[in-house]
Amino acid sequence: MKSNAGFVGFDGTENKRTVLALDMAKKAAGIGGELNVLLRQPHGRAKNTLSKLVRLCDVKAYVSDDSDKAKWETAGFSIQGGNDDFFEDSDFVMVGTPGDQEAPYVEAGLAHGCTVSLMGGAHRNKIMAALQEKGVEISDGLKADFEREFFFGLENYETFLKAKPKVIQCTSCNTTGICRASLAARPLGLKMILGNIDRRHGDPHTVVRASPSAVSIGKGVGHQGTDAGTVFEEVTYSIRASKIPTTVPHTSFLDFVFEGDVTPEDFVESLANTREVVVVPYQDEAGRKHEWTSEILEAFLSGFERPISPEIFELLVSDSIIPVKLGDYTILQVAMMVEQMSIAVPNHVESYLLSAGYSAEKVHSIVDEALTCVHGVWPDRLST
17 MKSNAGFVGF DGTENKRTVL ALDMAKKAAG IGGELNVLLR QPHGRAKNTL
67 SKLVRLCDVK AYVSDDSDKA KWETAGFSIQ GGNDDFFEDS DFVMVGTPGD
117 QEAPYVEAGL AHGCTVSLMG GAHRNKIMAA LQEKGVEISD GLKADFEREF
167 FFGLENYETF LKAKPKVIQC TSCNTTGICR ASLAARPLGL KMILGNIDRR
217 HGDPHTVVRA SPSAVSIGKG VGHQGTDAGT VFEEVTYSIR ASKIPTTVPH
267 TSFLDFVFEG DVTPEDFVES LANTREVVVV PYQDEAGRKH EWTSEILEAF
317 LSGFERPISP EIFELLVSDS IIPVKLGDYT ILQVAMMVEQ MSIAVPNHVE
367 SYLLSAGYSA EKVHSIVDEA LTCVHGVWPD RLST
C-alpha cells in the first residue's frame with residue numbers, strides 16, 4: 017500500500033509532532049509513500065524545523081508561493097514544486113494552520129481528491145460557508161462530512177471507515193482528554209461530566225506577559241465538552257474553559273456523575289485499562305507526593321525517549337479522586353492533565369490510517385506501539 021501524506025502548517029506545535037509520529041506509524045503499518053510539507057515564508061523556526069524533519073524522515077518540501085522558492089533554495093533546501101504540486105502529490109492532507117486560515121487549503125485538497133484532516137480548533141461551519149461563497153459545490157456526502165461527529169478513533173474509527181469521508185475533523189487536545197476519560201467512565205454508568213478546564217494561556221515559545229493572578233474566566237460552556245458530546249451522545253457535558261497564564265499543561269478539574277455506586281478505585285482501574293491514559297499516584301509507595309503539575313510532567317517525561325521533547329501522548333489522571341454521594345448518583349471529582357502539543361497526535365495519525373483504508377482491527381495497537389504510547393499506573397505498572 018502507498019499513500020502520500022501532506023502537512024500544511026508543518027511547523028506548528030502539533031503538526032510537527034504529527035509528521036514524525038505518522039512516519040513511525042506508516043513504517044509500522046507497512047504503508048509506503050512520501051511525507052510532504054507546504055512551506056510559507058522561510059522564518060528561522062520554520063527553517064530549523066524543516067531541517068530536522070528532512071534529516072529524521074526525509075520530508076519533501078513544496079512552496080505555497082512561487083516567489084518564496086528562491087529564498088528556501090538559498091537556505092539550502094530542495095523544493096519539489098509549488099502549491100498545486102503539493103496537493104497533486106498528496107493523498108492525505110493534515111491542515112494545522114492558525115484558526116480561520118484553513119478554507120483555501122481545504123478547497124485545494126478537495127479539488128485534488130485529497131482526504132483533508134482538520135485539527136480540533138477548526139470551525140467546519142465557517143469553512144463550508146467560505147467554500148460555498150467561492151462557488152464550490154457541496155454535495156450531500158461532503159455536507160455530511162462537515163456535519164459529522166468529531167473523529168476520536170478509539171471510539172468511532174470503524175464508523176468513519178464505513179463512511180469514507182473526504183473531510184475529517186479530529187478532536188482538540190482538551191476534547192481528546194475528555195473523550196479518553198469518558199471512554200473509561202462509560203462502563204461504570206457515566207451520565208454527565210461538568211467542571212472547569214484551566215486552559216493554559218501561553219505556549220512554550222511565547223512570552224506570557226500576564227500577571228500570575230490574571231485568570232480569564234470562561235463565559236458559558238466551552239467547545240470541548242460540546243465536541244465530546246458528538247462522540248458520546250449518551251453523556252451530558254457542561255464544561256467551562258478558563259485561561260490561566262501558564263505554559264503547560266491544561267489541567268481539568270471535572271466532576272464525573274455516575275448512576276449508582278462507583279468508588280474511586282473502580283474508576284482508577286478503568287482509567288488504567290484505557291488506551292493512552294495513565295494514572296499518577298498522588299503519593300507513591302516510597303511516600304513521595306506528586307502534587308505539582310510541573311513535577312509530574314518532568315518525572316513522566318524522564319522515562320521516555322520520543323522524537324521531539326516534550327512528547328506526552330497520554331492523558332495523565334491523578335488518583336486523588338474525591339467521591340460524593342448524592343441520592344442515587346455518585347460524583348467523582350477528578351483532576352487530570354493534558355499536554356496540548358502532543359496528546360491529540362495519536363488521533364491525527366489514526367485519521368491518516370483511516371484515509372488509507374487501514375482496517376479497524378489493529379489500528380490502535382499499531383499507533384500505540386509505533387509511538388510508544390502507554391497506559392496503566394505510573395511509573396512501574398505501565399503497558400503498551
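Position one of the sequence shown corresponds to residue 17 (my numbering), numbered consecutively onward. Even glycine gets a Cβ: it sits at the ideal position worked out from N, Cα and C.
Please state the DSSP three-state secondary structure of Ile359.
Here Ile359 carries a coil assignment [DSSP, helix/strand/coil].
Classify Thr34: buried if its beta carbon has 16 or more other beta carbons within 10 angstroms, exposed otherwise.
Sixteen is the threshold: when 16 or more other Cβ atoms of the shown chains lie within 10 Å of the Cβ of Thr34, as they do, the residue is buried.
How would you call His391, buried or exposed, if buried means at least 16 neighbouring beta carbons within 10 angstroms?
A buried status is given to His391, since no fewer than 16 other beta-carbon atoms sit within 10 Å of its beta-carbon.
So, is Gly169 buried or exposed, given that buried needs 16 or more other C-beta atoms within 10 angstroms?
Around the Cβ of Gly169, a 10 Å sphere holds 16 or more other Cβ atoms; the residue is buried.
Beta-carbon spacing of Leu401, Ile184 below 8 angstroms:
Residue 401 cannot be examined here, being either before or after the span of the chain that is shown, 17 to 400.
Can you tell me whether Pro339 is helix, strand or coil according to DSSP?
Here Pro339 sits in strand by DSSP.
Following the continuous beta strand (DSSP E) through Phe23, name the residue where it begins and the one where it ends.
Boundaries of the beta strand (DSSP E) harbouring Phe23: Ala21 to Val24, taken from the DSSP string.
With DSSP as the reference, please indicate the residues paired to Lys18 in a beta bridge.
Gly48.
Relative to the alpha-carbon of Val75, which residue among Leu287, Leu51 and Lys87 has its alpha-carbon at the smallest distance?
Among Leu287, Leu51 and Lys87, the Cα nearest to that of Val75 belongs to Leu51.
Residue span of the beta strand (DSSP E) that contains Ala77, given as start and end
Counting along the chain, the beta strand (DSSP E) containing Ala77 begins and ends at Lys76 to Val79.
At least one CB of chain B closer than 8 angstroms to the CB of Gly129: is that the case?
Annotation note: the requested chain B is absent from the structure, which comprises a single protein chain.
Counting only runs that start and end within the region 196-263, where is the alpha helix (DSSP H) found for 4 or more residues in a row?
DSSP runs (the alpha helix (DSSP H)) wholly in the region 196-263: 239-247.
How do the region 377-391 and the region 43-63 stand: do at least 3 beta-carbon pairs fall below 8 angstroms, yes or no?
Yes: at least three Cβ pairs fall under 8 angstroms.
Range covered by the alpha helix (DSSP H) that runs through His139:
From DSSP, His139 is part of no alpha helix (DSSP H); its letter is neither H nor E.
Does the beta-carbon distance from Ala257 to Ile213 come in below 8 angstroms?
Yes.
Quick one, are the C-beta atoms of Ser19 and Ala372 less than 8 angstroms apart?
Yes, the pair counts as a contact, with Cβ atoms nearer than the cut-off.
Three-state secondary structure (DSSP) of Asp271:
The three-state reading of DSSP puts Asp271 in strand, counting E and B together.
Considering only residues of the same chain and omitting the five flanking positions on each side of Tyr121, which have a CB-CB separation below 6 angstroms?
Closer than 6 angstroms at the Cβ level, and outside the excluded window around Tyr121, lie Val24 and Val111.
Beta-carbon proximity list for Ile209, same chain, < 6 angstroms, skipping 5 on both sides:
The answer, listed in chain order, is Tyr253, Leu270 and Phe272.
Buried or exposed: Ala160, going by 16 or more other Cβ atoms within 10 Å of its Cβ?
That one is exposed.
Residues in the same chain with beta-carbon distance under 7 angstroms from Ile260, minus the five sequence neighbours each way, listed in chain order, please.
Only Asp214, Arg215, Arg216, His217 and Val231 meet the Cβ criterion.
Residues in the same chain with beta-carbon distance under 6 angstroms from Ala119, minus the five sequence neighbours each way, listed in chain order, please.
Ile143 and Ala146.
Do you know offhand how far Gly276's Cα is from Phe166's?
Spanning the alpha carbons of Gly276 and Phe166 requires a straight line of approximately 29 angstroms.
Hey, Ala37 and Val361 are a contact pair by Cβ (cut 8 angstroms); roughly how many whole angstroms apart?
Contact between Ala37 and Val361 holds: CB atoms are separated by about 5 angstroms, below the 8 angstroms threshold.
For Arg304, does the count of other Cβ atoms within 10 angstroms reach 16, so buried, or fall short, so exposed?
Using a 10 angstroms sphere on the CB of Arg304, the tally of other CB atoms stays under 16, which defines it as exposed.
Can you look up Ile95 in the DSSP assignment and give me helix, strand or coil?
For Ile95, the secondary structure class from DSSP, reduced to helix, strand or coil, is strand.
Quick one: what does DSSP say Glu371 is sitting in, helix, strand or coil?
This sequence places Ser at residue 371; Glu is not what is there. Helix.
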